[in-house]
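Each remark here refers to the structure printed beneath this line.
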Amino acid sequence: MSEVNGKSLYERLGGHEGISGIVEDIWKNHTTNPEVKIRYQDSDGEEVKQKVLELFCMGTGGPETYTGQDMLTAHRGMNINEQEFVAVIDDVLDAMNKNGCGQQEKDEVLAILYSMKPEVVHV
Ligand code: HEM
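Heads up, our numbering is the position in the sequence shown plus 92, with the first residue counted as 1.
Following this line, the structure appears as structure tokens:
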């Protein structure tokens with residue numbers, strides 16, 4: 093994971109605590125965003141937030157272990173489209189804005205999320 097001034101992305105996002113705050117706002121955004129909220133209507137919010145927190149932490153260089161399904165398995169059969177994919181990324185960037193994250197950190201997270209597109213869209 094790339095470092096800036098010797099700090100991992102995980103550290104620059106405020107570690108577990110900082111990322112927990114971002115994930116809370118991601119969930120609020122997803123469940124109120126008209127583009128995607130229907131997708132999460134039957135979800136256990138605490139469960140999904142826990143998995144997303146683990147993945148976000150691990151994927152940015154934290155010591156946490158992700159215990160959920162791989163992205164292909166998690167989204168297979170949902171037939172998620174590009175508009176929904178963009179909406180979810182917008183929700184993440186908005187949550188990062190609300191939590192005071194910097195442009196560099198947003199750019200890095202955007203690149204990580206975009207790289208997962210083939211495992212999420214039309215699978
Ligand atoms: C790069 C983008 C995405 C990432 C990193 C991501 C991440 C995740 C993770 C970690 C889980 C939990 C998997 C598990 O429980 O084992 C999950 C589940 C899910 N995701 Fe995504 N996701 C992305 C995009 C999307 C999009 C675009 C949609 C559609 C709007 C979506 C809808 C869902 C739904 C409905 C679930 C299942 C929730 C449940 O189990 O109740 N995801 N995603």
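C-beta: ideal position from N, C-alpha, C; glycine also.
Cβ-Cβ distance between residue i and residue j below 8 Å
| i | j | result |
| --- | --- | --- |
| residue 211 | residue 147 | no |
| residue 115 | residue 99 | no |
| residue 110 | residue 191 | yes |
| residue 172 | residue 205 | no |
| residue 200 | residue 112 | no |
| residue 121 | residue 203 | no |
| residue 160 | residue 102 | no |
| residue 158 | residue 150 | yes |
Sheet register partners of residue i (DSSP bridge)
| i | result |
| --- | --- |
| residue 213 | 172 |
| residue 99 | 96 |
Residue i CB to nearest heavy atom of the ligand HEM below 7 Å
| i | result |
| --- | --- |
| residue 132 | yes |
| residue 161 | yes |
| residue 166 | yes |
| residue 174 | no |
| residue 190 | no |
| residue 205 | yes |
Member of the options whose CA lies at the smallest distance from the CA of residue i
| i | options | result |
| --- | --- | --- |
| residue 129 | 215, 176 and 184 | 176 |
| residue 198 | 208, 184, 209 and 207 | 184 |
| residue 135 | 150, 127, 174 and 119 | 119 |
| residue 215 | 186, 168, 193 and 178 | 168 |
| residue 162 | 125, 208, 202 and 103 | 208 |
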